[in-house]
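Novice: Numbering-wise (our numbering), the sequence shown opens with residue 1 and increments by one.
Glycine included, each C-beta is placed from N, C-alpha and C at the ideal position.
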Amino acid sequence: MTSPAPQNAKPLHACVPVDLGERSYDILIGPGLLQSAGEHIAPRLNQPRTLVVTDSTVANIHLETLLNSLRASGIETSSYVVPAGEASKSFTELEKLCEAILTARLERADSIIALGGGVIGDLTGFAAAIVRRGMKFIQIPTTLLSQVDSSVGGKTGINTTMGKNLVGAFHQPSLVLADIACLDTLPARDFLSGYAEVVKYGLINDPDFFSWLDLNLDLLKAGDIDARAEAVRRSCLAKANIVAQDETEQGLRALLNLGHTFGHALEAETGYSARLTHGEGVAIGMALAMAFSAEEGLCPSQESERATAHLARAGLKTQIKQIEGPALDPDRLLTAMFQDKKVQSGRLTFILSRGIGQAYIARDIAPEKLKAFLTTQV
1 MTSPAPQNAK PLHACVPVDL GERSYDILIG PGLLQSAGEH IAPRLNQPRT
51 LVVTDSTVAN IHLETLLNSL RASGIETSSY VVPAGEASKS FTELEKLCEA
101 ILTARLERAD SIIALGGGVI GDLTGFAAAI VRRGMKFIQI PTTLLSQVDS
151 SVGGKTGINT TMGKNLVGAF HQPSLVLADI ACLDTLPARD FLSGYAEVVK
201 YGLINDPDFF SWLDLNLDLL KAGDIDARAE AVRRSCLAKA NIVAQDETEQ
251 GLRALLNLGH TFGHALEAET GYSARLTHGE GVAIGMALAM AFSAEEGLCP
301 SQESERATAH LARAGLKTQI KQIEGPALDP DRLLTAMFQD KKVQSGRLTF
351 ILSRGIGQAY IARDIAPEKL KAFLTTQV
């Protein structure tokens, strides 16, 4: 059920509903939402008590603003800070967070707030899914990547030594607040990492959106707030529509993984390190998926080249060879791909493309073809 914004809240650019029956929620998009967060959150709480989970980087920039807003709306709140970085999506940090929630004596009817990027959202959402067998949680994504992707759809989880996001749960938030002004605090590399996920929506099934991005790329990079809000709105709308049709990824939702099978393998082989961000891995993965599709005669080469050219113009990596450090091994990359969550009965499932806006699910891709392709790329 969509709830109206409070009368005295700052104006929004958009409200995107995620229609999941009893688990439906809103994505509120606009500048200044962090300052007015308490006004939006208070009406949606079962009890006026929360714990804010964030990381050490975001805490220094945004935590005080959020806590002040919550308390001004009569919400009792405290905070818990985890180390910044992908390494916090671990069993160790999950255990610590669960203990912190219990130590704070939060009850099942209380809520947990995730303030930060995808790492915080995934970790906090998973903790909320399992502590007291399920608690409400709210997403306040502060990065472009989390605003357009990881905060929407209810995928939560942690990484293991065997791969990324292999332990987790589907647990929907009760609200998402995407404050566009938070994007102004992002380093350029982090903004671009999120932009890869924005481009993904155009490449999946919306060629008009891809063309809009091509036209507005300079405005988006320059920080134009209206252009950024529109990019986030259209991305969230695209994901919400897919999630509403396939909440637990039994079919259609797999399309959202365009570029991710390659990208996750690249992340694993670079040790989830500063060598490669998630979005950079996805950008390379999408370029590889388009190139592999073209090589197989599935996609016109000019479509593959156009997609890759846009990613490169944005400033994103599009080739494995552009990853700094030692060369990657195609055999190890292929092995990592077989840890992908979409593997069924030991067979690889890929998201390939017939052209921009024409992604599709391809099952049982021959490993020898992939290995031959990867050998030409490393």
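Kindly list the residues whose CB is nearer than 6 angstroms to the CB of Ser353, restricted to its own chain and excluding five residues on each side of it in sequence; keep chain order.
Specialist: Met290, Ser293, Cys299, Ala359
Novice: My output table needs one value for Gly297: the three-state DSSP class, helix, strand or coil.
Specialist: coil
Novice: Does DSSP put Gly74 in a helix, in a strand, or in coil?
Specialist: coil
Novice: In three-state terms, what does DSSP make of Thr376?
Specialist: Annotated three-state conformation of Thr376 is coil, per DSSP.
Novice: Round the Cβ separation of Leu183 and His278 to the nearest angstrom and send it over; I've been treating them as touching at under 8 angstroms.
Specialist: About 17 angstroms separates the beta carbons of Leu183 and His278, which is beyond the 8 angstroms limit, so they are not a contact pair.
Novice: Below 8 angstroms on the Cβ atoms is my contact criterion, and I expect Val378 with Leu328 to pass it. Report the Cβ-Cβ distance as a whole number of Å.
Specialist: 5 angstroms
Novice: Can you say whether Thr318 is buried or exposed, counting buried as having 16 or more other CB atoms within 10 angstroms of its CB?
Specialist: Burial call: buried.
Novice: Keeping to the same chain, check which residues put their C-beta closer than 6 angstroms to that of Glu131; ignore five residues upstream and five downstream.
Specialist: The sequence given here has Val at residue 131, not Glu. Cβ neighbours of Val131 within its own chain (closer than 6 angstroms, five residues either side excluded): Cys98, Ile101.
Novice: With a threshold of 6 angstroms on Cβ separation, who are the neighbours of Gln7 within its own chain once the five nearest residues in sequence on each side are excluded?
Specialist: Note on Gln7: pLDDT 43, under 50, position unreliable in the model; no value is reported.
Novice: Assign Asn165 to buried or exposed, taking buried as 16 or more other Cβ atoms, counted over all protein chains shown, within 10 Å of its Cβ.
Specialist: buried
Novice: In whole angstroms, what is the alpha-carbon distance linking Leu256 and Ser78?
Specialist: Between Leu256 and Ser78, the C-alpha separation is close to 35 angstroms.
Novice: Quick one: measure Cβ to Cβ for Ser235 and Tyr201, integer angstroms, because I've assumed they're closer than 8 angstroms.
Specialist: 5 angstroms
Novice: Just to confirm, are Ser56 and Ala84 a CB contact at a threshold of 7 angstroms?
Specialist: If you check the CB distance, Ser56 and Ala84 come in under 7 angstroms.
Novice: So Ala307 and Ile356 are in contact, right, with Cβ under 8 angstroms, and what is the actual spacing, rounded?
Specialist: 6 angstroms
Novice: Going straight from the alpha carbon of Ala181 to that of Pro207, what length do you get?
Specialist: 27 angstroms
Novice: Is DSSP giving Asn8 helix, strand or coil here?
Specialist: Because Asn8 carries a pLDDT of 45, less than 50, the predicted location of this residue cannot be relied on, and the following value inherits that uncertainty. Three-state result, Asn8: coil.
Novice: Rounded to the nearest angstrom, how far is the Cβ of Val198 from that of Val119, given a contact under 8 angstroms?
Specialist: Approximately 19 angstroms separates the beta-carbon atoms of Val198 and Val119; this is outside 8 angstroms, ruling out the contact.
Novice: Tell me whether Gln147 sits in a helix, a strand or coil according to DSSP, three-state version.
Specialist: helix
Novice: Buried or exposed: Pro43, going by 16 or more other Cβ atoms within 10 Å of its Cβ?
Specialist: exposed
Novice: Quick check on the DSSP output: the beta strand (DSSP E) that includes Arg49 runs from which residue to which?
Specialist: 49-55
Novice: Phe137 bridges to which residues according to DSSP?
Specialist: Ile112
Novice: How big is the Cα-Cα spacing for Gly21 and Val243?
Specialist: Taking the straight line from one Cα to the other gives about 12 angstroms.
Novice: Check the DSSP bridge columns for Phe170 and list the partner residues they point to.
Specialist: When beta bridges are read from the DSSP output, Phe170 appears opposite Lys155.
Novice: Please classify Asn60 as buried or exposed, where buried requires at least 16 other C-beta atoms within 10 Å of its C-beta.
Specialist: exposed
Novice: Tell me Arg363's beta-bridge partners as DSSP assigns them.
Specialist: According to the DSSP secondary-structure assignment, Arg363 is paired through a beta bridge with Thr349.
Novice: For Gly121, count neighbouring Cβ atoms within 10 angstroms of its own Cβ and tell me buried if that reaches 16, exposed if not.
Specialist: buried
Novice: Excluding the 5 residues preceding and the 5 following Arg108 in the sequence, name in chain order all residues of the same chain whose CB lies nearer than 8 angstroms to its CB.
Specialist: Cβ neighbours of Arg108 within its own chain (closer than 8 angstroms, five residues either side excluded): Arg132, Arg133, Gly134, Met135.
Novice: What does the alpha-carbon distance come out to for the pair Leu316 and His310?
Specialist: 9 angstroms
Novice: Could you check what DSSP says for Ala129 in three-state terms: helix, strand or coil?
Specialist: In the displayed model, Ala129 falls within a helix according to three-state DSSP.
Novice: Roughly how far, in whole angstroms, is the beta-carbon of Ile351 from the beta-carbon of Ala229, given that I think they are within contact range, below 8 angstroms?
Specialist: Incorrect: roughly 28 angstroms between the Cβ atoms, too far for contact.
Novice: Specify, as a first and last residue, the run of the beta strand (DSSP E) that Ile29 falls within.
Specialist: Start and end: 25-30.
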